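In the working numbering, the protein residues as written are 7 to 92.
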Amino acid sequence: MIRLFRERGDPVLESIEDSDGIVRFWQRGGGHDRNVRDDEAMRNHIEYIHFNPVKRGLVERGADWKWSSARDYAGQPWVVKIRKSW
């Protein structure tokens, strides 16, 4: 995709390419992956994700965010049934 943008001289590259030429296609910042090695680490990551809309001030509780799996974890109806064993 990036190659196609470059070949066409697409101006979208201006918004995703840093001044040093590094392309940040999805978002700026680290975006580092994490190895999840046990159930506790998995729960911590899930709770972190569930808290994001709260942290941004969009809702009071993670389960209040319509698109969050926190709804399923809280026993509320949600768009997808979550498999909680991994």
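Note that the Cβ used here is the ideal one computed from N, Cα and C, for glycine as well. No experiment lies behind these values; they were computed from the predicted model shown.
Ranges of the alpha helix (DSSP H) found wholly within the region 32–83, counting only runs of at least 4
45–61 and 76–79
Go to Arg14, then tell me how far its alpha helix (DSSP H) extends in each direction, as first and last residue.
Ile8 to Arg14
Within 10 angstroms of the Cβ of Trp71, are there 16 or more other Cβ atoms? Answer buried if so, exposed if not.
Here Trp71 is buried, its C-beta having at least 16 other C-beta atoms within 10 Å.
Would you check if there are 3 or more beta carbon pairs closer than 8 Å linking the region 60–69 to the region 39–46?
no
Comparing alpha-carbon positions, which option in Gly15, Ile28 and Tyr79 lies nearest Ile52?
Tyr79
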